[in-house]
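Quick note on numbering that gives the first Met the number 0: the sequence shown kicks off at 0 and runs consecutively.
In what follows, a single structure is set out as structure tokens and then discussed.
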Amino acid sequence: MDIVAIHDFLSKYSGWSDNIPFDRVKASIENSLNFGVFHNDKQIGFARIISDFSTIAYLGDVYVLDNYRGQGLSKKLMDTVIEHPNLQGLRRWILLTSTADWLYEKYGFTKLPKPELYMELFDPNVYKTDIQKPDK
């Protein structure tokens with residue numbers, strides 16, 4: 000994966016990870032199952048999965064660069080993610096999205112039937128602070 004290219008998109012253009020520090024993107028990639036879309040040697044798309052590989056998977060940071068959209072690459076990326084052998088037999092997949100519902104619906108994603116069951120702990124300012132994590 001081209002971490003520099005992924006960071007550039009996420010921090011400047013995604014709308015969901017504005018100003019995310021490079022080290023955070025690097026750590027997120029190192030701790031995820033990653034999928035890339037490439038044109039020649041240039042990374043033009045990305046998706047990642049956070050999972051226990053037994054019961055649940057979180058799909059995040061899905062994108063294809065604007066200049067490459069409309070060519071079926073998002074569908075091919077999603078096909079590859081959904082069909083990955085380590086992700087078969089999961090009970091639940093989740094994602095957060097404000098765009099491309101039409102794409103995810105093709106793979107069986109639906110709006111939460113009982114949103115009152117879901118909670119989150121969200122810090123919108125976390126990328127503005129430098130938090131030192133202990134070494135593993």
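Glycine included, C-beta positions come from ideal geometry on N, C-alpha and C.
Please read these numbers as outputs of a predicted model, since none were measured by experiment.
| Item | Value |
| --- | --- |
| So V61 is in the beta strand (DSSP E); what residue range does that whole segment cover? | I55 to V63 |
| I'd like the list of long-range same chain contacts for Y117, defined as Cβ closer than 7 Å, with 5 residues on each side in sequence excluded. | L111 |
| Can you tell me whether K41 is helix, strand or coil according to DSSP? | strand |
| For G44, count neighbouring C-beta atoms within 10 Å of its own C-beta (all shown protein chains included) and say buried if the count is 16 or more, exposed if not. | buried |
| Which same chain residues, not among the five before or five after R90, have their C-beta less than 6 Å away from its C-beta? | T54 |
| Quick one: is D60 buried, meaning 16 or more other Cβ sit within 10 Å of its Cβ, or exposed? | buried |
| Does the Cβ of S97 have 16 or more other Cβ atoms within 10 Å, making it buried, or fewer, making it exposed? | exposed |
| State the DSSP-derived secondary structure class of I5, mapped to helix, strand or coil. | helix |
| Checking 8 Å against the spacing of the C-beta atoms, do V36 and L76 come in under that value? | yes |
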